[in-house]
Amino acid sequence: MKNLYYKVRNGLAVILIAAVVTSCTLEKQLPGVWQISSYTDQQVDGSATTATNVGTIEFNEDGTGSNDLEFKVFGSTTTDQKEFNYTLGEDYVTIKPRQRTDSLTVKTWLVMDNTRNSQKWKSTDNEGNIQTLELKKK
């Protein structure tokens, strides 16, 4: 019984340390300008749409940022230039608009891969579709 207690306690300590390290790492690595090298929208029916090099997203150290996106949908070019506020969690980034307008990036993204020069984020919408962003540091 005592052995089980120590195993559980040590396991929880490892999880807590990993969470703190991940959060600190994300906080240090995120500020700067990131190229959105790929955006994929995976539909619940299995179909997917991918766009490459759709623009940039900038994160400032003070929790503010902006995006400058340009992409084509059915042959029509769409631009999206917005300012936002963001907060960081252990393994997620929540982006909130400063204005009441919608944006491709306004939501909570789970950080799947986090390195100094690249990141991979995933999120879902209200219909169960999965969006994936692949970012490269500029």
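For the sequence shown, the working numbering begins at 111 and goes up steadily by one.
The beta carbon of each residue, even a glycine, is placed where N, CA and C say it ideally should be.
Exposure of residue i, with buried meaning 16 or more beta-carbon neighbours within 10 Å
i    : result
V131 : Residue placement at V131 is flagged as unreliable, the pLDDT there being 38, under the threshold of 50; a coordinate-derived value is accordingly withheld.
N220 : In the sequence under discussion, the amino acid at residue 220 is Leu, which differs from the Asn named in the question. Burial call: exposed.
K192 : buried
F169 : buried
E171 : exposed
E137 : exposed
E237 : exposed
Beta-carbon proximity list for residue i, same chain, < 7 Å, skipping 5 on both sides
i    : result
T187 : E180
A158 : T150, D151, Q152
Q139 : N224, R226
S148 : T160, T162, E244
Opposing strand residues paired with residue i [DSSP bridges]
i    : result
N224 : Q229
Q145 : T166, K246
K206 : N195
G185 : Bridge partners of G185: none, in fact.
N177 : I167, K192
Own chain partners of residue i with C-beta closer than 6 Å, once the 5 adjacent residues on each side are dropped
i    : result
T166 : V143, Q145, D178
Q241 : D151, S233
I205 : F194, Y196, T215, V216
T218 : Y202, T204
Assumed close pair residue i, residue j - CB separation to whole angstroms, cut-off 8 Å
i    : j    : result
R208 : N195 : 6 Å
N239 : V164 : No, N239 and V164 are not in contact; Cβ-Cβ is about 17 Å, not under 8 Å.
Legend entry - the segment 228-236 touching the segment 168-178, judged by at least three CB pairs closer than 8 Å: no
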